[in-house]
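These notes concern the structure reproduced below.
In this note's numbering, the protein residues as written are 4 to 233.
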């Protein structure tokens, strides 16, 4: 996915006071009171100033923190890291490479099966582009598939990687949801007539998972850590 991404002064001037405080002054928004912390729609998240692609719903997960959390960037070259010493303990800040926006921080307490990272990002630094609007907004479908495939290779366990590449290659957007009781959730979906793609199975990388197709045609993979199962 290519584009002339840059820090546009006009775009900066259009920021809300909260967006400006977050992106230009390295602020932090309150947890659970921000736009995207619980957004589960398929699509990508771009920099609110430059428009450069940052993260995809493919790698978004519920961290319980109240901020949007991702396991890996959609386009690694668009997300840069630097040490942050504002608090007593040093942290790793993440910023957009072209827009220079403060995005949030990255921590090493993310899902182990997805690489162990948690990109904790401020909603105010992001703009969400639904999958149906990608081409209209200049994020070509072909390029998007390439980026989604790259994301699969970065954060999907090897045992599951090939099937997810096939899903993306067919044009399906994969959505990952971690649930507390996989079998109960799965049976409720079955009873509701949801299309079943994969029955629940224990995977060698430490999760029990299953797959269904949602009403929009997206491939939804449900997972539960094996330590929490039975």
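We treat Cβ as the ideally placed atom computed from N, Cα and C, and that holds for glycine.
Out of 98, 125, 216, the CA that lies nearest to the CA of residue 36 is found in 125. Cα atoms of residue 96 and residue 131: separation of roughly 21 Å, rounded to the nearest angstrom. Residue 100 places its beta carbon 9 Å or farther from that of residue 51. The count of Cβ pairs closer than 8 Å, one atom from the region 114-122 and one from the region 42-49, stays below three, leaving the stretches out of contact. The three-state reading of DSSP puts residue 60 in helix, counting H, G and I together.
Within its own chain, no residue has a Cβ closer than 7 Å to the Cβ of residue 135 once the five positions on either side in sequence are excluded. Beta-carbon to beta-carbon, residue 198 and residue 216 are separated by about 4 Å, close enough to satisfy the 8 Å threshold.
In chain order, 86, 87 place their CB closer than 8 Å to the CB of residue 93, counting only its own chain and leaving out the 5 sequence neighbours on each side.
Beta-bridge annotation (DSSP): residue 48 is paired with 58, 131.
Apart from sequence neighbours up to five positions away, the residues of its chain that approach residue 112 with a beta-carbon distance below 6 Å are 121, ordered along the chain.
Annotation for residue 201: no alpha helix (DSSP H) segment contains it, though the beta strand (DSSP E) segment containing it runs 198-205.
Here residue 20 carries a helix assignment [DSSP, helix/strand/coil].
DSSP places residue 96 within a strand segment (E or B) once states are collapsed to three.
Residue 108 places its beta carbon 9 Å or farther from that of residue 26. Separation of residue 78 and residue 193 (C-alpha to C-alpha, rounded to the nearest whole angstrom) is 35 Å. Here residue 60 is buried. Its C-beta has 16 or more other C-beta atoms within 10 Å. Per DSSP, the unbroken beta strand (DSSP E) holding residue 212 starts and ends at 210-216.
Of the residues 82, 188, 195, 53, the one whose Cα lies closest to the Cα of residue 225 is 188.
DSSP places residue 80 in no alpha helix (DSSP H); its state is neither H nor E. The continuous alpha helix (DSSP H) containing residue 189 extends over residues 185-194.
Secondary structure note for residue 225: its beta strand (DSSP E) is the uninterrupted segment 222-228. Residue 53 sits close to residue 9, with the two beta carbons spaced by under 9 Å. Beta bridge pairing from DSSP links residue 122 with 73, 109.
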